[in-house]
Amino acid sequence: MSSRPPNHKQRRPYYRQVHPNNFQDGRALSPAFVLQDTGCHFTLSLNDGSRTTAERCHREYTQQGGRQSAAVLEVTADELAASGSHRVVDSANEQTHAHVDAMYEKPMSRRQQRNAAQSLATAANWRGPAHLPAHEQAT
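Residue numbers (this note's numbering): 59 to 197.
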């Protein structure tokens, strides 16, 4: 029996911004991972860690229209798949060069949506923040 290394795409990091209202005591609350209903799908906005750093995506995010982010958390492709995401789609633009959307098929019950958010928050919190802005580290 041979031992194969894990697929690098499955371990690929994806970064999620966490609003200050959803970050308490150094941990993300599950609402930080709530899926957005686009009509056809549910999506989760992320940044592809193979194309950026947690620090850079935080800087890009907060410099656009005064958005707030208390921390950047990381989830992997495996964790996205385990939460029900069936693919990740590139949605980069001039302001966010590494932006992607994790896609979730409809229909999804509210319970399934809540379970997906809780699963991702648990995985990200286990790992800890990928980036904490200086003002968050001081508090």
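Even for Gly, the Cβ is constructed at its ideal location relative to N, Cα and C.
- In this structure, V133 lies near R74, with their beta-carbon atoms less than 9 Å apart.
- 9 Å or more divides the Cβ of A175 from the Cβ of S143.
- In this structure D106 is not in contact with A188, their Cβ atoms being roughly 13 Å apart against a cut-off of 8 Å.
- Runs of the alpha helix (DSSP H) spanning 4 or more residues and lying entirely within the region 70 to 135 occur at 112 to 120, in chain order.
- Distances from the CA of T154 to each of Q122, Q94 and T101 were compared; the closest alpha carbon is that of Q122.
- The beta carbons of A135 and R70 sit about 5 Å from each other, so the pair counts as a contact at 8 Å.
- Take S149, set aside five residues on each side of it, and the residues of its chain with a beta-carbon closer than 7 Å to its own are H157, V158 and D159, in chain order.
- Inclusion of L93 and Y72 in the CB contact set at 9 Å is not warranted, their separation being larger than that value.
- Linking T180 to E152 through their CA atoms gives a straight-line distance of about 32 Å.
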